[in-house]
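Q:
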Amino acid sequence: MATKEDIAQITKEIKEVETKFKVRESGEIDYNSLKRSKILEYFSAINNWQRLITDSSSDFSDNYEVKNELTINNIKEAKTNYNFKEGEIEIFISDSEFYHLRKDLSVKILMLQHDFEKHCLNISTIIKTELDLTPRYEKLLIERKNYQEEVVKKLRDLMPNRNKLIEYMDKLIKESLK
């Protein structure tokens with residue numbers, strides 16, 4: 002038969018085990034919460050980088066060089082932020098599927114960034130070389146139209162990669178909620 006002391010000892014040991022489970026469970030919850038947060042921050046960064054490029058428009062009004070350079074710098078800053086978030090998420094996700102999904106999308110966005118920078122350079126070249134205002138303006142409009150058409154084509158090509166990454170990240174978030 003158990004004595005009062007035995008019951009007290011058993012109760013104490015049960016409470017210690019309960020505490021260990023609670024601490025472990027709390028740690029897992031914190032880890033999964035942080036992982037979800039990093040996944041969302043990563044997607045926000047890659048989305049911001051892409052949208053800055055695709056939503057930006059070159060300028061050919063007064064101070065066009067300053068305005069275009071500011072836009073390019075904002076895009077580069079978004080790329081740098083993406084690089085930071087990419088490094089953070091690697092702590093939580095290290096499988097090859099994620100690596101390939103993000104690489105495929107990142108390369109396409111980087112190509113869009115390059116195209117925008119090249120487009121701004123073309124704008125600058127037209128302004129500096131075409132002295133007659135009417136042909137200059139027509140060439141600028143043609144350059145912008147051609148660039149925008151190319152962006153639309155590349156966005157269509159990029160969207161399947163983006164959607165695959167979204168599906169993968171959605172799966173990770175759902176798994177972390179279990």
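Everything in the sequence shown is counted per the working numbering, starting at 2 for the first residue and increasing by one.
From the three backbone atoms N, C-alpha and C, an ideal C-beta is built for every residue, glycine too.
Since this is a predicted model, take the numbers as computed values, not measurements.
Just to confirm, are Leu102 and Tyr169 a CB contact at a threshold of 8 Å?
A: Against the sequence shown, residue 102 aligns to sequence position 101. Against the sequence shown, residue 169 aligns to sequence position 168. Yes, the Cβ-Cβ distance between Leu102 and Tyr169 is below 8 Å.
Q: Once DSSP output is grouped into helix, strand and coil, what is the label at Leu35?
A: As a working mapping, residue 35 is identified with position 34 in the sequence shown. Correct three-state label for Leu35: helix.
Q: On a Cα-Cα basis, can you pick out the residue from Leu71, Ser34, Phe117, Asn48 that is closest to Asn82?
A: As a working note, residue 82 is residue 81 in the sequence shown. Of the candidates Leu71, Ser34, Phe117, Asn48, the one whose C-alpha sits nearest the C-alpha of Asn82 is Asn48.
Q: Taking the straight line between their C-alpha atoms, what separation do you get for Lys154 and Leu178?
A: For the purposes of this step, residue 154 is taken as residue 153 along the sequence shown, with counting starting at 1. For the purposes of this step, residue 178 is taken as residue 177 along the sequence shown, with counting starting at 1. Approximately 37 Å, taken between the alpha carbons.
Q: Could you tell me whether the segment 131–147 touches the segment 87–107, using the rule of 3 or more Cβ pairs below 8 Å?
A: No, the segment 131–147 does not touch the segment 87–107.
Q: Quick check on Ser107: does DSSP put it in helix, strand or coil?
A: As a position in the sequence shown, residue 107 is number 106, starting the count at 1. Looking at Ser107 - three-state DSSP - the assignment turns out to be helix.
Q: Quick one: what does DSSP say Ser97 is sitting in, helix, strand or coil?
A: Position 96 of the sequence shown, counted from the start, is the residue given in the question as residue 97. Ser97 falls in the helix class under three-state DSSP.
Q: To the nearest angstrom, how far is it from the Cα of Leu159 to the Cα of Lys104?
A: Walking along the sequence shown from the start, residue 159 turns up at place 158. Walking along the sequence shown from the start, residue 104 turns up at place 103. Near 12 Å, if we compare the C-alpha coordinates of Lys104 and Leu159.
Q: Does the distance from the C-beta atom of Asn69 to that of Cys121 stay below 8 Å?
A: Position 68 of the sequence shown, counting from 1, holds the residue named residue 69. Position 120 of the sequence shown, counting from 1, holds the residue named residue 121. In contact: Asn69 and Cys121 (Cβ atoms closer than 8 Å).
Q: Within 8 Å of any Cβ in chain D, is that where the Cβ of Leu156 sits?
A: The question asks about chain D, but that chain is absent: this structure has only one protein chain.
Q: Going by DSSP in three states, Thr81 sits in which element: helix, strand or coil?
A: The residue given as residue 81 occupies position 80 in the sequence shown. DSSP places Thr81 in helix when its eight states are reduced to three.
Q: Measure from the alpha carbon of Leu111 to the alpha carbon of each residue in Asp31, Glu66, Ser58, Ala79, then state which is nearest.
A: In the sequence shown, counting from the first residue as 1, residue 111 sits at position 110. Among Asp31, Glu66, Ser58, Ala79, the Cα nearest to that of Leu111 belongs to Ala79.
Q: Considering only residues of the same chain and omitting the five flanking positions on each side of Glu118, which have a CB-CB separation below 7 Å?
A: As a working note, residue 118 is residue 117 in the sequence shown. Result list for Glu118: Ile73, in chain order.
Q: Would you mind stating whether Val67 and Leu113 have Cβ atoms separated by less than 8 Å?
A: Locating residue 67 in the sequence shown gives position 66, where the first residue counts as 1. Locating residue 113 in the sequence shown gives position 112, where the first residue counts as 1. No, Cβ-Cβ distance for Val67 and Leu113 is not below 8 Å.
Q: Identify the continuous alpha helix (DSSP H) that holds Ser177 and give its terminal residues.
A: Residue numbering aside, residue 177 sits at position 176 when the sequence shown is read from its first letter. From DSSP, the alpha helix (DSSP H) with Ser177 extends over 134–177.
Q: Buried or exposed for Gln10, going by 16 or more other Cβ atoms inside 10 Å?
A: Residue mapping note: residue 10 aligns to position 9 of the sequence shown, counting from 1. With fewer than 16 Cβ atoms within 10 Å of its Cβ, Gln10 is classed as exposed.
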